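Peer 1: In my numbering, the protein residues as written are 16 to 135.
Using N, Cα and C, we set each Cβ at its ideal position, and we do this for glycine too.
Every value quoted in this text rests on a predicted model; they were computed, and no experiment measured them.
One structure is given below, represented as structure tokens, and several questions about it will come after.
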């Protein structure tokens, strides 16, 4: 079981705006709201952002589960409207089994984020 994940970002306030918009439709909220770290989750913080100068994404990819197709669309839209860049618009995919629906985007530092739901 994964206890938590830390993503290093170059500008914490900018990244917080992106992740607020991305994670809210998935039912996530801020549990930790510090000047040096922000922690998100549903019932407890499991995704932390910390600021570090000179961050390079270098292959970081996180896949987040969504409660439904509408949440995938809303999270992708929130992220792309808040500093993220589109990689793949929301749509059906076979990557996670039949009936899967996913979207991909990059956060402001270039970390790849997938939002997905499996309908099977």
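State the CB to CB distance for the pair residue 106 and residue 134, rounded to an integer number of angstroms; the pair is presumed to be in contact (CB under 8 Å).
Peer 2: Sequence index remark: in the chain shown, residue 106 carries index 91 (1-based). Sequence index remark: in the chain shown, residue 134 carries index 119 (1-based). At roughly 13 Å, the Cβ-Cβ gap does not stay under 8 Å, so residue 106 and residue 134 are not in contact.
Peer 1: Please report the distance separating the alpha-carbon of residue 22 from that of residue 69.
Peer 2: Here residue 22 corresponds to residue number 7 of the chain shown, with the count starting at 1. Here residue 69 corresponds to residue number 54 of the chain shown, with the count starting at 1. Cα to Cα, residue 22 sits roughly 13 Å from residue 69.
Peer 1: Going straight from the alpha carbon of residue 66 to that of residue 116, what length do you get?
Peer 2: Stepping through the chain shown from its first residue, residue 66 is reached at position 51. Stepping through the chain shown from its first residue, residue 116 is reached at position 101. Roughly 31 Å separates the two Cα atoms.
Peer 1: If you pair each beta-carbon of the segment 78-89 with each one of the segment 49-59, do three or more pairs fall below 8 Å?
Peer 2: No, the segment 78-89 does not touch the segment 49-59.
Peer 1: Straight-line CA distance for residue 132 to residue 125?
Peer 2: On the chain shown, position 117 is the one that residue 132 refers to. On the chain shown, position 110 is the one that residue 125 refers to. When rounded, the distance between both Cα atoms is 23 Å.
Peer 1: Can you give me the Cβ contacts of residue 32 inside the same chain, cut-off strictly under 8 Å, excluding the 5 residues immediately before and after it?
Peer 2: Residue numbering aside, residue 32 sits at position 17 when the chain shown is read from its first letter. 97 and 98, listed in sequence order.
Peer 1: If I measure Cβ to Cβ from residue 78 and keep anything under 7 Å in the same chain, skipping five residues before and after, which residues do I get?
Peer 2: In the chain shown, residue 78 corresponds to position 63, counting from 1. Answer for residue 78: 129 and 131, listed in chain order.
Peer 1: Can you check whether the CB of residue 76 is closer than 7 Å to the CB of residue 122?
Peer 2: The count along the chain shown starts at 1 and reaches residue 122 at position 107. The count along the chain shown starts at 1 and reaches residue 76 at position 61. Not a contact, by the Cβ cut-off of 7 Å.
Peer 1: Residues in its own chain within less than 7 Å of residue 57 by CB, not counting five upstream and five downstream?
Peer 2: Translated into the one-based positions of the chain shown, residue 57 becomes position 42. Around residue 57: 42 and 43.
Peer 1: What do you get for residue 94, buried or exposed, if any count of 16 or more other CB atoms within 10 angstroms of its CB means buried?
Peer 2: Looking up residue 94 in the chain shown gives position 79. Classification of residue 94: buried, given that the 10 Å Cβ count is 16 or more.
Peer 1: Output the boundary residues of the alpha helix (DSSP H) element that contains residue 52.
Peer 2: Taking the chain shown and counting its residues from 1, one reaches residue 52 at position 37. Run containing residue 52: none in the alpha helix (DSSP H); it sits in the beta strand (DSSP E), 52-56.
Peer 1: For the candidate residues 24, 120, 36 and 71, whose alpha-carbon lies nearest to that of residue 167?
Peer 2: The chain is shown only over 16 to 135; residue 167 falls outside these bounds and no answer can be derived.
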